[in-house]
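Numbering that gives the first Met the number 0 numbers the first residue of the sequence shown as 0 and each following residue consecutively. Note that beta-carbon positions come from the ideal geometry of N, C-alpha and C, so glycine has one too.
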Amino acid sequence: MKNNTLVRIVVSLVTIPLILLVVYLGGYFFLAFGLLIGLISFWEFAAMSEKKNSYPLKITGLFAVLAFITNSYFRFIGFFELTILTVVTTLLIELFRNRGSSIGNLGSTYLGIFYIGVCSAALIGIREFFSPYLNGAYLIISIFATIWICDSAAFFGGVSLGKHKLFPRVSPNKSWEGAVFGLLFSVATMIASKYIVLGFLSWPDVLVIGILVGTIGQLGDLVESLIKRDAGVKDSSNLIPGHGGIFDRFDSLLLSAPVVFIYLQLFL
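What follows is the structure, given as structure tokens:
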């Protein structure tokens with residue numbers, strides 16, 4: 000237990016500064032980071048799907064995830080057109096396949112593409128949204144900080160005060176008290192970020208984004224827990240020592256990023 004905790008701390012100390020640097024640099028560096036999250040998470044999701052006798056089109060799915068993420072940066076085709084191409088191509092490839100259930104195969108493929116690929120693309124969209132360009136970095140860094148602090152606050156709040164189960168079917172250890180703690184600290188983190196780097200956002204925007212990340216981020220964690228529990232696995236993979244897989248580390252971000260991006264598109 001102590002060795003595992005030490006490994007987690009060491010990995011965090013190494014990776015967090017690298018992530019913050021990549022976010023700050025933006026451009027191709029952040030695009031590569033988004034691709035790393037999307038492609039590996041899709042592969043991990045596909046592996047979990049196979050444990051339930053669904054066989055996603057892995058190569059097709061990887062190319063689709065690649066297309067959605069790179070398109071969010073280069074914008075070489077409209078989102079609607081890319082979606083239609085993805086749906087039609089996947090259907091045609093499955094037509095000539097003879098493995099498992101076609102409904103299960105297509106369902107898991109589409110879920111992986113649109114849940115992971117499109118949500119990863121939204122992360123690129125947030126980074127590229129603002130002018131001056133660095134403002135996107137400041138918001139992404141603030142979102143990362145909000146998610147990390149929310150996770151810690153929810154854990155400690157649940158341990159110290161947790162009495163009412165939040166979602167026992169999916170995650171028996173999570174409590175409503177912990178979730179409320181996480182939400183409160185999410186908003187507090189965004190308020191602190193407003194004073195430090197988010198001066199370009201209005202107070203209503205900061206508060207709404209804090210609530211969105213604190214709520215949707217925790218739901219994202221539950222969604223991935225639902226998938227892992229159904230697949231009968233503890234982690235999406237063992238890629239990151241002491242932390243599980245890429246999907247495990249970025250589940251909250253994957254679900255909250257598109258919601259924040261939609262908010263930015265509608266109200267800023």
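| Asked | Found |
| --- | --- |
| Counted within 10 angstroms of its Cβ, other Cβ atoms place Asp-247 as buried (16 or more) or exposed | buried |
| DSSP state of Asn-172 mapped onto helix, strand, coil | strand |
| DSSP three-state assignment for Lys-193, whether helix, strand or coil | helix |
| Leu-165 - DSSP class collapsed to helix/strand/coil | strand |
| Classification of Gly-77 by the beta-carbon crowding that lies within 10 angstroms, buried from 16 upward | exposed |
| Bounding residues of the alpha helix (DSSP H) (the contiguous stretch that carries Ile-146) | 133-160 |
| Under the three-state DSSP convention, the category Gly-209 falls into | helix |
| Three-pair Cβ contact test at 8 Å for the region 12-29 versus the region 110-126 | yes |
| Cβ-Cβ distance between Lys-57 and Ala-66 below 8 Å | no |
| heavy atom of the ligand GDP below 7 Å from Thr-89 C-beta | This structure simply doesn't include the ligand GDP, nor any ligand for that matter. |
| Given Leu-160 as reference, the closest of Asp-220, Gly-177 and Phe-184 once Cα atoms are compared | Gly-177 |
| Start and end residues, alpha helix (DSSP H) containing Ser-71 | 57-73 |
| Tyr-114 - containing alpha helix (DSSP H), residue span | No alpha helix (DSSP H) holds Tyr-114; DSSP gives it neither H nor E. |
| Beta-carbon separation (whole angstroms), Tyr-54 vs Asn-97, contact threshold 8 Å | Not really, about 11 Å apart at Cβ, beyond 8 Å. |
| Under 8 Å between C-beta atoms of Leu-221 and Val-169 | yes |
| Span separating the alpha-carbon of Lys-278 from that of Val-179 | Outside the displayed span of the chain (0 to 267) sits residue 278, for which this structure offers no information. |
| CB of Gly-241 within 8 Å of CB of Asp-234, strictly | no |
| Cβ pair count under 8 Å reaching 3, the region 137-154 against the region 190-197 | yes |
| Asp-204 to Ser-251 span [Cα, whole Å] | 20 Å |
| Cβ neighbours of Gly-33 in the same chain (closer than 6 Å, five flanking residues each side left out) | Ile-68, Ser-119, Leu-122 and Ile-123 |
| Continuous alpha helix (DSSP H) stretch holding Leu-254: start and end | 245-266 |
| Cβ neighbour criterion (16 or more within 10 Å) applied to Leu-94 | exposed |
| Exposure label - Arg-260; buried when at least 16 CB within 10 Å | Checking the displayed sequence, the identity of residue 260 turns out to be Phe instead of Arg. Result: buried. |
| Collapsed DSSP secondary structure at Ile-76 in the structure displayed | coil |
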